[in-house]
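Residue numbers (UniProt numbering): 1 to 805. Idealized CB from N, CA, C, for every residue including glycine. Source: prediction; values computed, not measured.
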């Protein structure tokens, strides 16, 4: 038998009860729809979260600024090429200019009579063009804050806008839902061309590198190529999808991996409702490259951000994700940023060292976060919303169950370079007739899987033939048995540590124990008054824990299926539970938004963790139990760190320091070192010691000290030199001493010494001045004739100070 680890203080580290946790990091929403920007130097990602704007470091994912909105949704925004300022517009009709270095609004103006829909900044970072729902195009001087141009002519909402500089002249192209493109000469403020060919709203405009060609993309599923100076249409290319964005790719982009025929071609990109980034040849309209479509993906592309420095096309999708594709690598997806998680319904740590966290949200694809960097992999495969997840003991195999009635098994290889290679589908279990509500993998092997469904059945899947060296999503494991398990939906399944039994919990208010090999029912745990949401086996004892909609947790003996303990404390349904500290504690989460840590022996709640605003659906405990991850309906994942040891060590250090200071105080008093004795007594917050000290000084008054107030000139000097904090603390003690006749004379003597050596202004400037003076006056004015004058003077000074402020 292995020996439990002993720490430096002789405490069994594995069995120390956990009593303190703190939230050390969170994964929150950074994008909820709308415009997304990347600065020219690619250091910052700027996105909208409801009415606010998030400014995030693109590399690390750390928040730089949160720019608070004006309670109305942001309709569009643009960033200067030099990265110094951000311009935003909202439904309130306000246009704001933000200093990105300081994160403050430096200017706000009313832009249009209707919301601004599109915006573009010129390459010199001087002008911003805005197109509104009122059909008006305006040009603004960003730094000086005034409008330079008002361009009217469109008969509908302006939906695309682009600056153009050529031969020393400035131009502006605009498109609208009147299907027209207008070219504006900014020197003469006139429309010099009206280009008509599209039959739907214009969604994208861009000029070629030589400035001669303009391309336009529309929801009529074509791209038009224009000689804008001659006002002629050169070509129309059918794209066969509703377009939302179009743009040219730089001539110097690395396309060496593409067929040689495209190496010298002028290329452009498109994105739309097909959800695929594509690159086309401008001369012929032929498709050059299309991004490999994600399996069973359903998203559409609402915009593409061209990161010219890294030659990456960042596709913004309608499911609030940002997918980055490398042009040089043939549009391989190299990174993804998850903007919005919706409700988080299940979590599981991933990897041999639990370095990643898989999150199940209201989505058909799985999100796997790197815990340290918060980079996220999107794992595609399911056709409908994923509901549940479990992991193998080594964290290298995942099982997910979804509304598409299938279970998918994923081989995990976190060392692979790309997301599609890190998570490969190794098998698909098909057989349930309703959504999969729960899945469970064994602890000692990877030979089987147990699943439960809304069809109220459980299935045993044989995985002995699963080949993880050659994962294949066409492999379908066999179901060795199927049993009608419950009368209502099955919410949870857990397998015992020895892999011999498994437990199920259902909305029918029961938990049941089953034999793994035969599928026979071993027993039923009855006692909950509402549905059972979660069931877990103890890692050491023959008990299971269950949670229920009846607001309780229960422990059950799995030998006779009797209820051993009931834990009450949550104010709403208890949704998740897990064991901690070698089975001596429980962690639970509920619909009340709280996590609770329970000690089983005492039935007591040791601590409550509160950092969620809605139901906490998911819990995941890291292997070493140093961290707990929780996720809920508020779209937030919280990481809770166990700081019990640190707090105990800090408490021990404080006790040691306290003992040392106690000894020092006794030494100071013995040596009549009143200065250090008074200061130390104040720092230790020991009013009784302080009172005794002053009593000793007064009782030991000598003839040589007749001139002193307290009986010691040294003590008088100490009181005269007290700082503001210590002075306020001492006055508080004096007020309390005054309430007791035994101590009143001492208190009033010390007060007299303070009043004699400190100016009224100093006393009045204390935060609690009035409270202290009011408290002292009733007890002291009969002893000091000058106190009335002091109090009056204090109030006069106080009034004067407030008047000056």
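Nearest neighbour of residue i, chosen from the options [CA to CA]
{"i": "residue 628", "options": "653, 22, 293 and 188", "result": "22"}
{"i": "residue 393", "options": "767, 622, 757 and 251", "result": "622"}
{"i": "residue 115", "options": "141, 108, 80 and 75", "result": "75"}
{"i": "residue 602", "options": "568, 649 and 633", "result": "568"}
{"i": "residue 754", "options": "720, 768, 766 and 214", "result": "720"}
{"i": "residue 144", "options": "96, 186, 154 and 165", "result": "96"}
{"i": "residue 492", "options": "509, 102 and 477", "result": "509"}
{"i": "residue 229", "options": "368, 193, 245 and 454", "result": "193"}
{"i": "residue 417", "options": "335, 214 and 274", "result": "335"}
{"i": "residue 306", "options": "282, 269 and 50", "result": "269"}
{"i": "residue 689", "options": "250, 709 and 665", "result": "665"}
Start and end residues, beta strand (DSSP E) containing residue i
{"i": "residue 315", "result": "312 to 317"}
{"i": "residue 738", "result": "No beta strand (DSSP E) holds residue 738; the alpha helix (DSSP H) holding it covers 724 to 738."}
{"i": "residue 748", "result": "It is not in any beta strand (DSSP E) - residue 748 instead sits in the alpha helix (DSSP H) that spans 741 to 757."}
{"i": "residue 614", "result": "Taken as a continuous stretch (DSSP letters only), residue 614 belongs to no beta strand (DSSP E), as it is neither H nor E."}
{"i": "residue 244", "result": "243 to 248"}
{"i": "residue 641", "result": "637 to 642"}
{"i": "residue 807", "result": "It is not possible to answer for residue 807, since the shown part of the chain is limited to 1 through 805."}
{"i": "residue 94", "result": "94 to 99"}
{"i": "residue 325", "result": "321 to 326"}
{"i": "residue 604", "result": "604 to 609"}
{"i": "residue 141", "result": "136 to 141"}
{"i": "residue 480", "result": "478 to 484"}
{"i": "residue 233", "result": "232 to 238"}
{"i": "residue 269", "result": "267 to 272"}
Neighbourhood of residue i by C-beta, 7 Å cutoff - its chain only, sequence neighbours within 5 removed
{"i": "residue 380", "result": "294, 295, 296, 297 and 365"}
{"i": "residue 351", "result": "395, 412 and 414"}
{"i": "residue 645", "result": "16"}
{"i": "residue 408", "result": "381, 382, 400, 425 and 428"}
{"i": "residue 455", "result": "432, 433 and 434"}
{"i": "residue 320", "result": "31, 32, 33, 339 and 340"}
{"i": "residue 695", "result": "746"}
{"i": "residue 359", "result": "341, 344, 347, 367, 369, 631 and 637"}
{"i": "residue 238", "result": "221 and 222"}
Contacting residues, own chain, Cβ-Cβ under 6 Å from residue i (five flanking each side not counted)
{"i": "residue 538", "result": "579 and 583"}
{"i": "residue 343", "result": "362 and 633"}
{"i": "residue 615", "result": "591, 632 and 633"}
{"i": "residue 227", "result": "234"}
{"i": "residue 619", "result": "576, 578, 589 and 630"}
{"i": "residue 151", "result": "137 and 184"}
{"i": "residue 471", "result": "411, 424 and 426"}
Cβ pair residue i, residue j closer than 8 Å
{"i": "residue 575", "j": "residue 590", "result": "yes"}
{"i": "residue 205", "j": "residue 173", "result": "yes"}
{"i": "residue 355", "j": "residue 60", "result": "no"}
{"i": "residue 161", "j": "residue 129", "result": "yes"}
{"i": "residue 519", "j": "residue 511", "result": "no"}
{"i": "residue 38", "j": "residue 314", "result": "yes"}
{"i": "residue 311", "j": "residue 327", "result": "yes"}
{"i": "residue 41", "j": "residue 83", "result": "yes"}
{"i": "residue 438", "j": "residue 403", "result": "no"}
{"i": "residue 377", "j": "residue 422", "result": "yes"}
{"i": "residue 550", "j": "residue 528", "result": "yes"}
{"i": "residue 282", "j": "residue 225", "result": "yes"}
{"i": "residue 556", "j": "residue 543", "result": "yes"}
{"i": "residue 117", "j": "residue 158", "result": "yes"}
Beta-bridge partners of residue i, as assigned by DSSP
{"i": "residue 546", "result": "535 and 554"}
{"i": "residue 180", "result": "196"}
{"i": "residue 120", "result": "129"}
{"i": "residue 217", "result": "204 and 223"}
{"i": "residue 165", "result": "170"}
{"i": "residue 57", "result": "44"}
{"i": "residue 452", "result": "438 and 458"}
Span of the alpha helix (DSSP H) around residue i
{"i": "residue 687", "result": "687 to 699"}
{"i": "residue 718", "result": "713 to 720"}
{"i": "residue 422", "result": "419 to 422"}
{"i": "residue 568", "result": "Note, residue 568: premise wrong, no alpha helix (DSSP H); beta strand (DSSP E) at 562 to 568."}
{"i": "residue 574", "result": "Premise fails: residue 574 lies in the beta strand (DSSP E), 574 to 580, not in any alpha helix (DSSP H)."}
{"i": "residue 763", "result": "760 to 764"}
Close-in-space but distant-in-sequence residues of the same chain around residue i (CB under 8 Å, 5 per side omitted)
{"i": "residue 317", "result": "275, 299, 300, 301, 302 and 323"}
{"i": "residue 187", "result": "169 and 170"}
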